[in-house]
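FYI, the numbering for the sequence shown is 1 to 260, going by the UniProt record's numbering.
Every residue gets a Cβ at the ideal spot worked out from N, C-alpha and C, and that includes glycine.
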Amino acid sequence: MIEILKPAELARAKDTGALVADILRTVKSRSTAGTNLLDIDRWAEAMIVEAGAQSCYVDYEPSFGRGPFGHHICTGVNDAVLHGRPYDYTLADGDLLSLDLAVSQDGVAADAAISFVVGGSEPPESVALISATERALDAGIAAAGPGARVGDVSHAIGSVLSEAGYPVNTEFGGHGIGSTMHQDPHVPNTGRPGRGYRLRPGLMLALEPWVMADTAELVTDADGWTLRSATGCRTAHSEHTIAITGDGAEILTLPSRARP
């Protein structure tokens, strides 16, 4: 299903997006060496409940997972890049942590992800990985607008990742979003310009470039959910929810203090 939202729904989406961004910002500020991933999950749950919103993950049960996800936020450490299920792990200085959060509020969902290095050390490999995903996300957003095609967005994302020297996996990528978290169209992290669904105002997309340092192959963790690099290399993931407008694309998952 491809959903085109009405102006009133898009207005609510901005509020949901700001909530997602605010939670991610708060969790990042609290995540230090010594923080347990289960504490991060509890923090996210408390903030979602306080806002009167709902997690999109707790009951999430797609075909590729093993039963309901059962947690409120995805926490990927080092070689874990997608669907990182929180578990009893204490963060160490230098860990590369990816947080992915999707929330529904007033009937509209928003989805975003950030990656950052825990503590004071910043390994160059980790900094480069994170920078590549952030630059690819910016490029994808710049390519999105009315009349553009999904392939244009995918090509913009993939060009940045490839030029940075990273293999690109196309099994998982961006997606449509609206009244539910995952919708059509699928937005691969590489593609051919001029191909695919034509974007139109009212469409919401979650764009999410992610990379692994030296492989495009994923392996599934024993928890049935967490996807890791097949070689054990480090990974990074960045994501925004955007809305296609009459003259471009608007980022919806900005912190409330950053919104006009």
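Using a 10 angstroms sphere on the CB of Val219, the tally of other CB atoms stays under 16, which defines it as exposed. Listed in chain order, the non-local C-beta contacts of His186 below 7 Å within the same chain comprise Gly173, His175, local neighbours out to five positions each way being set aside. In this structure, the beta-carbon distance from Ala33 to Asp93 falls below 7 Å.
Taking the CA atoms as reference points, His182 sits about 25 Å from Phe116.
Note on geometry: alpha-carbon atoms of Asp184 and Tyr197 lie some 10 Å from one another.
Using a C-beta cut-off of 8 Å, the region 119 to 139 makes no contact with the region 49 to 68, since fewer than three inter-stretch Cβ pairs fall below that distance.
Cβ-Cβ distances below 8 Å link Ala128 to Ala164 in the same chain, with the five nearest sequence neighbours on each side left out; the list follows chain order. Going by C-alpha positions, Ser179 is about 5 Å away from Val108. Rounded to whole angstroms, the separation of the alpha carbons of Ala156 and Leu199 is 15 Å. Note on geometry: alpha-carbon atoms of Thr231 and Gly65 lie some 21 Å from one another.
For secondary structure counted as the alpha helix (DSSP H) over 4 or more consecutive residues, the region 61 to 130 holds no complete run. Looking at the DSSP output, Val150 shares a beta bridge with no other residue. In the three-state reduction of the DSSP assignment, Met212 falls in the strand class, which pools E and B. For Val168, there is no enclosing beta strand (DSSP E), as DSSP marks it with neither H nor E.
If the five residues before and after Leu24 are omitted, its C-beta is found closer than 7 Å to the C-beta atoms of Leu99, Leu101, Ala112, Ile114, all from its own chain and listed in chain order.
Following the DSSP letters along the chain, one finds Thr241 inside the beta strand (DSSP E) bounded by residues 240 to 244. Beta bridge pairing from DSSP links Ser229 with Leu218. By alpha-carbon distance to His240, the top candidate from Met1, Leu19, Ile4, Pro7 is Leu19. Apart from the 5 residues on each side of it in sequence, Gly67 sits with its Cβ closer than 8 Å to the Cβ of Glu61, Gly224 in its chain, given in chain order. Under the three-state reduction of DSSP, Ala53 is assigned to coil, being neither helix nor strand. Per DSSP, the beta-bridge partners of Gly176 are Gln183, Leu205.
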